[in-house]
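Asks: The listed protein sequences derive, respectively, from chains V and E.
Take the first sequence: its position 165, counting from 1, is numbered 165 in the UniProt record's numbering, and each next residue is one higher.
Take the second sequence: its position 134, counting from 1, is numbered 134 in the UniProt record's numbering, and each next residue is one higher.
Glycine included, C-beta positions come from ideal geometry on N, C-alpha and C.
Can you read through this structure? Questions will come right after.
Number of protein chains: 2
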Amino acid sequence: MDNHIAAVPLDKAYRLLNHGPTVLVSSRHEGVDNVMAAAWACALDYAPPKLTVVLDKIAKTRELVEGSGAFVIQVPTVAQLQLTYEVGHESLSTQPDKLTRTGVDVFGIEGHNLPFVSGCSAWLACRLISEPHNQTTYDLFIGEIVGAWADTRVFQNGHWLFEKAEAEWRSLHYIAGGHFYAIGESLEARQN
Amino acid sequence: MDNHIAAVPLDKAYRLLNHGPTVLVSSRHEGVDNVMAAAWACALDYAPPKLTVVLDKIAKTRELVEGSGAFVIQVPTVAQLQLTYEVGHESLSTQPDKLTRTGVDVFGIEGHNLPFVSGCSAWLACRLISEPHNQTTYDLFIGEIVGAWADTRVFQNGHWLFEKAEAEWRSLHYIAGGHFYAIGESLEARQN
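Okay, here's the thing in C-alpha cells:
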C-alpha cells in the first residue's frame, strides 16, 4: 500500500463523501474484479457510517456486489478524469479487458478481499446491507462503511486540503455528456 | 415568480443535482412552512426522475414532509452560504421565527402548494413515495420529481453555466463545521 495512504477514523468517514463527488465503485467476486463510475452515491449515516449508491441492472459491478456482499466506494481525482469517464461508459460484459483498456490499476488492503483503485484520493470499504426491495425497485444499494482511508496529500486529520493540494487532486462532479466540474474554492460560514 | 426562472424538462432534472451540491429542503403542512439544509440528497432515477434525501428524526421539516407528502429540493448558491449554514443549524421546534432570523424568503409556483426558497439556482418539486421501512430504519426519503425549474442566469438549455456566471451563483458542497467548497473548474472528458 502506498505510504501516502492513511486510515480515516470511521466517525469521520462521511466527510470523504459529504461534498457529493462522483465516485468509482469496485467489487470482486469469484476471481472477477470490476470498476464502474457512479454520480449517484451519497452518505446515509454517521455511526455506524453508511452510504447509498445506485447500481443499474445492466452493471456488471452490481452482479459482483450482490455475489460478494462487499464493495469499495472511492473518490477519483482530476488526474483521473478520462479513466472515470471511460469506466462509466464501457462494460465488462462487452469489453472483458475493460480495466486494462481504461488504465485501471488496483491494490489490496489487508483484511479486505476487495480491489482498491490506485490514484484515488479516498476509499470506503463497504459491507452490503441487503435490502432486496430497494435493490429491485430502485437499483438502490445500502452499504455499511467498515474501513476508510485517504491520501494524506489531500485529506489529513479529518479535513480535505483541496485549497492547498495540487489541482490534480480535486474531486470530480459529473453532470452529463462527458462534462464534469472539479471541486472549487473553500468557503467558511460564520459559526454563531 | 422571478422572470429569470424557467421550467426545466423533467428528463433533464437529474442534472440539477448530479454534481452533488448541498441542498435546501422545504415543505409546507397545515399552514406551517420550514426550510432545512441537507448535504445528503442524491439523484435516484432518470424517468420518471426520482431522488433520495436523508431527513433526521429531529427535523421539523420531516414532520411536514410526512404530513403533506410533498417537498422541494433546491440548490443554494455561494451568495446563500450563511443562510444555508444557519437553516441547517437552527430548528423550527426551538426557534419559531427561524425563517425570519435566517433571512429565508419563499415564493410560490402555480400548481404546487409548496414554499420555494428565493435566490436559489434550481428547484425540484417532489412527491413523497412512501417507503416506511426506509424512513424509519434509515431516515431515507424517496421523492418523485414532478416539477423542475432553474435560474437562467446559471442553468440554460440543460446545462449549468458555472464557468460563465458570476461566482456567487456557484453551488455549495458542505463538509463539516461550517466548511463548504464551491463548485469549481469545468472539465471535459474525451468522448470516444
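Using a C-beta cutoff of 8 Å, does residue 160 (chain V) count as contacting chain E?
Replies: At least one chain E Cβ lies under 8 Å of residue 160 (chain V).
Asks: Which word fits residue 45 (chain V), buried or exposed, when buried means at least 16 other C-beta atoms lie within 10 angstroms of its C-beta?
Replies: By the neighbour-count rule (16 or more Cβ atoms within 10 Å), residue 45 (chain V) is buried.
Asks: Can you give me the start and stop residues for the beta strand (DSSP E) that residue 161 (chain E) sits inside?
Replies: No beta strand (DSSP E) contains residue 161 (chain E), which DSSP labels as neither H nor E.
Asks: Could you tell me which of V:179, V:143, V:167, V:105 sits nearest to residue 71 (chain V), measuring between CA atoms?
Replies: With distances taken between Cα atoms, residue 71 (chain V) lies closest to V:143.
Asks: Taking the beta strand (DSSP E) that residue 68 (chain E) belongs to, which residues open and close that run?
Replies: Here residue 68 (chain E) belongs to no beta strand (DSSP E); instead the alpha helix (DSSP H) covers 60 to 68.
Asks: From what residue to what residue does the alpha helix (DSSP H) around residue 34 (chain E) run?
Replies: Element bounds for residue 34 (chain E): not the alpha helix (DSSP H) but the beta strand (DSSP E), 32 to 38.
Asks: For residue 155 (chain V), is the classification buried or exposed, using 16 other Cβ atoms within 10 angstroms of its Cβ as the cut-off for buried?
Replies: Buried: at least 16 other Cβ atoms inside 10 Å.
Asks: Considering just the uninterrupted stretch of the alpha helix (DSSP H) at residue 185 (chain V), what are its terminal residues?
Replies: No alpha helix (DSSP H) holds residue 185 (chain V); the beta strand (DSSP E) holding it covers 179 to 188.
Asks: Can residue 171 (chain V) and residue 49 (chain V) be called in contact, C-beta distance under 8 Å?
Replies: Not in contact: residue 171 (chain V) and residue 49 (chain V) (Cβ atoms no closer than 8 Å).
Asks: Taking just the CA atoms, how far does residue 111 (chain E) sit from residue 16 (chain E)?
Replies: Taking the straight line from one Cα to the other gives about 21 Å.
Asks: Could you give the distance in angstroms between the alpha-carbon of residue 6 (chain V) and the alpha-carbon of residue 149 (chain V)?
Replies: Cα to Cα, the separation comes out at about 5 Å.
Asks: Alpha carbon to alpha carbon, what distance is there between residue 53 (chain E) and residue 136 (chain E)?
Replies: Approximately 13 Å between the Cα atoms of the pair.
Asks: So, for residue 14 (chain E): in the same chain, excluding its five sequence neighbours on each side, which residues have a beta-carbon less than 7 Å away from its beta-carbon?
Replies: Correct list, in chain order: 43, 46, 49.
Asks: In three-state terms, what does DSSP make of residue 94 (chain V)?
Replies: Reduced to three states, the DSSP call for residue 94 (chain V) is coil.
Asks: For my contact list, residue 87 (chain E) and residue 35 (chain E) are in at a C-beta cut-off of 8 Å; report their separation, rounded to the angstrom.
Replies: Indeed, because the Cβ distance is near 5 Å, the residues count as touching under 8 Å.
Asks: Less than 7 Å between C-beta atoms, sequence neighbours within five positions excluded: which residues of the same chain meet that for residue 168 (chain V)?
Replies: Contacts found: 77, 78, 79.
Asks: Could you work out which residues of chain E lie near residue 52 (chain V), taking near to mean beta carbons separated by less than 8 Å?
Replies: The answer, in chain order, is 42, 52, 140.
Asks: Hey, out of V:84, V:66, V:164, whose CA is closest to residue 130 (chain V)'s CA?
Replies: Residue V:66 is the option with its Cα nearest to residue 130 (chain V).
Asks: Alpha helix (DSSP H) containing residue 173 (chain V): first to last residue?
Replies: Counting along the chain, residue 173 (chain V) falls outside any alpha helix (DSSP H), though it belongs to the beta strand (DSSP E) covering 172 to 176.
Asks: Just how far apart, CA to CA, sit residue 102 (chain V) and residue 125 (chain V)?
Replies: C-alpha separation (whole angstroms): 22 Å.
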